[in-house]
Structure formats: C-alpha cells, structure tokens
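Numbering (UniProt numbering), first residue to last: 1 to 502.
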C-alpha cells in the first residue's frame, strides 16, 4: 500500500518560495521602477517546466553563483507570474480573483512555459465556467486558438458553436482574414449546419479575398486566374462534399469554377447528375448531418437611425450599459430608439420641442454629440428620468460619459461614476442646462451658443477630451479658455430599449 502526502509536500515547497533559502536563480518581471525580482530554485523550475530547463542550460552563473534570468520574448505581468510560480512550487492555483481576460493571459503564458497540465486545466475551466465570455470574445480568441499550439479544447469549443451556428463565422466581417487551417477545420466537420452549395460560395469568397488582383467579372477570368484560385484553395477543396450539391447548385455554383477542380472529379459530378447509380472513382465524402430541427436564424438587427454613430459604436455603448469587460460584436441586446435630433427638432436644450420637453419622464437615454470643428463624438448615458419642471441634482452609480473612437481617436474613452454619486446628473431644465456633473455640460443653444464644455470632474473617473480642450477644474465660467468651449454640429438622444434575443 502506498500513502501519498501531497498536501504537506505542497505546503513545504510553497514555504520555500516565500523564504527562498539557497536560491540560485533570479527572474526579473516587469520594467523598472515597477519591476519585481523573484528568487527561485533552478532544480524546482526545470523539473516542472521544459522552458525553464532550456533557459537554465543556456544561462551561465554570475560571480555570485546566481543565474540572472530575463524573459524578453514572453509578455508576462507580475500578477500572472505570481500565479504561475505558486503553481510551479505548490501545485496550487486560485482563479477566483482573476478576471476572465487575465485567466486567458495566464493560459497563453502557461503554454509558452510548456506547463501542459495547467494549459489543459485552464482551457477546461474557461469552457466550463466562462462560456459567455468566450462567445463575446469569439473573433479574437478563435483566431488565437489557431495561432497558438495546444489550445485544442478551446478550438473544439468554438468549432462546436460554428457547426451549430455557421453564420457566426461565415457572416463575420473578418471572415476573409480567417486562417486557412481554421477554415479547413470547419470544412471537415460532418455536422456543419449549412447546405453544401452555400459552403462552396463562402470558400470561393474566401479564396478570392486572398487574391485581390483577380477580376471581379468572372467572364474576364483567364486560365491563369483560375490556377491562382486553385492554388489558394488546394487545402480546402478536398473537404467539400461535392456529391451533396443539389443539381441546381452544381449548375449555378460549381460549373462556373470547374477549372479549379480535377477533370476526373468534375466528370464524376456530371455522371452522378445524369446517372445517379453509376459507379465512380472519385472519393465520395459522406453528406453532412443536417439536423431536422430548424436552427435559430441569425438575429436581424433593428436598423440604427443615427447621423452620428455606427452600429459598432452602438454595440460598444450597449456593452458599457451592461458593464461588460469587452464590447459586443453582434446581436445588440438594445434598440436605440431616436427621440430627438438637433437638425430635425432644434438645438436648444429647453424649447417647446427639444430635449427636456420630448424626453420628459423618459429614463435610460443616451445623448450623442458631434463637436463642431473637431469631429469628436461625445456623449453620456442617463439611466434616470428627465424632468422638465424641477432643477435638481440626481443620484446614480450607473451613468457614464464617453468619447467614441473616430478617425482621429484610436480607442474610445469611457468615464464611469467614481464618487459623489449624489451629483451624477444635473437636471437644470429652467436654466437650459443639462450635465453629467462637470464631466460633460450642455448649456443653451448647442449649435450657436458655444457654451458647452468638459472639465476634470470630481465625480467621473477621467476626462473624455484631450488636455487642450479640457476646462481647468478650478476656473470660473468667465475664465474658461475659449478652446475648451464648444458647440455641436449635430446631436441625438436615444431611448435604450431591451430586445428579446431568444
């Protein structure tokens, strides 16, 4: 009988990490002055990680008999390395306090350090506990699973989604940049829920996108053009189920590209149309296992009625409303119902038709502004009701202000409530003023008055404009630099309404 005392062993080795007696390796993580030096033992690390075994073999001892190790080729944070080194010493890992994105970073780093046991565990954990987040980050992580070795569990998770809902990938705006091995993996799936003729169209579309010089008019193609496409698709073509095409699809979709098929295969396809029971020599792949039940159709988004923002902007704003870590990529859970538009209803904050009157008693609204002269897109989310009668401060922790990405702003800026929640919203209807504390202030006629401004706020977390356009926190209105005051080219107010995606 063998008795195993792993708990005590784990605890003793973990203590050795805390009090590194006789350490002979230092590992520097991060850059000064925020770097951290880890004192560790080569015999433990190299017994647990092939990566460290290789690194120690090529790293000489210094005069103090210490190996000084840096890892310039691995992008790793101090936080992540702390988790990994504790796992290496004690075989213990805790993920409860890590965000999903950090767990995925931990997975990638563990893979680079060749910690196979941990790589398998983290993939399984993400699939079983973070499936919604994986779906949200579909495009990014699916591609990574093919760029990085040993991520088969995550890859299979995504391939199962694609098999059931093929439009997830085939209708993606990034489909053309899908890696070849990812596309081949999809084509190999017997349960891909898509007609073979449609699959063929997508494959051709992908191949053409890889060769932008090919003529757009197929009638103008030369033999060389078809050879180029054939070479591009040589890894994909063997996985098409040619004998599952309908006769109509063979004529309409396959015949125009017959030159990229082997002559014997094309002859056998024709033979099967004319004499279905005739023996052929070509390999006949089994038809795909299409479910009898009707698959959910792709959600058709409610058209966005905006002269300022795009659907991508709307998805980003919706993710902020839901306090998501990452932006939605499709299927917006909200309808943006247009209430007010400056060019249609007027630009004054309080007139007979505009903001306070139309929005009175309406809650959960987004106001969007396009700044005159700079093209900036600023805005804010008000979860509370507008009030056309009372001047008052309003309390909420759910409002936020933002600046959306444009051609001149690479990434959007989100500024959430941070403190002083009683001053989140300034509802000053009688003074023709509405503001998100002082982070975004709208005054008078938004087009002609040029009285709007943003300033460093004691309520919201960060400024949403660059320093040159931010009002100093201490300044009086009369002393505001003219560069900090702005008018708007257009503005819109939307009511945010939930959509049933089931």
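C-beta atoms are modelled at their ideal positions from N, C-alpha and C, and glycine is treated no differently.
Item, Value
"Leaving aside the five residues before and after residue 107 along the sequence, list all residues of the same chain whose C-beta is less than 6 Å from its C-beta, in chain order.", "122"
"On a Cα-Cα basis, can you pick out the residue from 59, 111, 402 and 214 that is closest to residue 366?", "402"
"Going by C-alpha distance, which of 413, 322 and 393 is nearest residue 421?", "393"
"Tell me whether the beta-carbon of residue 391 lies closer than 7 Å to the beta-carbon of residue 356.", "no"
"Please say whether residue 425 and residue 384 have beta carbons closer to each other than 7 Å?", "yes"
"Return the residue from the list 77, 13 and 44 that minimises the CA-CA distance to residue 35.", "77"
"What number of angstroms, rounded off, separates the C-alpha of residue 257 from the C-alpha of residue 226?", "8 Å"
"Hey, out of 445, 415, 48 and 342, whose CA is closest to residue 455's CA?", "415"
"Among 325, 27, 186 and 338, which has the Cα closest to the Cα of residue 164?", "186"
"Excluding the 5 residues preceding and the 5 following residue 125 in the sequence, name in chain order all residues of the same chain whose CB lies nearer than 8 Å to its CB.", "95 and 103"
"Where does the unbroken beta strand (DSSP E) through residue 416 begin, and where does it stop?", "413-416"
"Determine the DSSP secondary structure at residue 386, reduced to helix, strand or coil.", "strand"
"In the segment 202-275, which residue ranges form an unbroken alpha helix (DSSP H) of at least 4 residues, counting only runs that do not cross its ends?", "223-232 and 263-274"
"Please identify the residue among 84, 419, 19 and 88 whose C-alpha is closest to the C-alpha of residue 10.", "88"
"What does DSSP give as the partner residue(s) for residue 36 in the beta ladder?", "29"
"State buried or exposed for residue 58, treating a residue as buried only when at least 16 other CB atoms are found within 10 Å of its CB.", "exposed"
"Looking at C-alpha atoms only, which residue of 271, 242, 494 and 386 is the closest neighbour of residue 335?", "494"
"Could you check where the beta strand (DSSP E) with residue 392 kicks off and where it finishes?", "391-394"
"Counting pairs of Cβ atoms below 8 Å between the segment 484-494 and the segment 367-384, do you hit three or more?", "yes"
"Compare the Cα-Cα distances from residue 210 to each of 40, 281, 134 and 176 and report the closest residue.", "176"
"Using a threshold of 7 Å, state whether the C-beta atoms of residue 400 and residue 381 are closer than that.", "yes"
"At what residues does the alpha helix (DSSP H) containing residue 313 begin and finish?", "311-321"
"What separation, rounded to the nearest whole angstrom, lies between the Cα atoms of residue 2 and residue 37?", "39 Å"
"Which residue wins for smallest C-alpha separation from residue 139, given the options 154, 129, 150 and 128?", "154"
"Roughly how far, in whole angstroms, is the beta-carbon of residue 485 from the beta-carbon of residue 447, given that I think they are within contact range, below 8 Å?", "Incorrect: roughly 13 Å between the Cβ atoms, too far for contact."
"In this structure, how does DSSP classify residue 330 when only helix, strand and coil are distinguished?", "coil"
"The beta strand (DSSP E) that contains residue 70, what's its start and end?", "67-70"
"Evaluate residue 43 with the Cβ neighbour count: other Cβ atoms within 10 Å of its Cβ, from every protein chain shown; 16 or more gives buried, anything less gives exposed.", "exposed"
"Just verifying my parser: in three-state terms, what is the DSSP assignment at residue 95?", "coil"
"Go to residue 175, then tell me how far its alpha helix (DSSP H) extends in each direction, as first and last residue.", "From DSSP, residue 175 is part of no alpha helix (DSSP H); its letter is neither H nor E."
"Tell me the rounded alpha-carbon separation between residue 55 and residue 67.", "10 Å"
"Which same chain residues end up closer than 6 Å to residue 463 when comparing Cβ atoms and leaving out the 5 residues on each side of it in sequence?", "456 and 470"
"Looking only at DSSP bridge pairs, what is residue 348 linked to?", "445"
"Buried or exposed: where does residue 145 fall if 16 or more other Cβ atoms within 10 Å of its Cβ makes it buried?", "buried"
"Does the Cβ-Cβ distance between residue 233 and residue 207 come in under 7 Å?", "yes"
"Could you tell me which residues DSSP pairs with residue 360 in its beta bridges?", "386"
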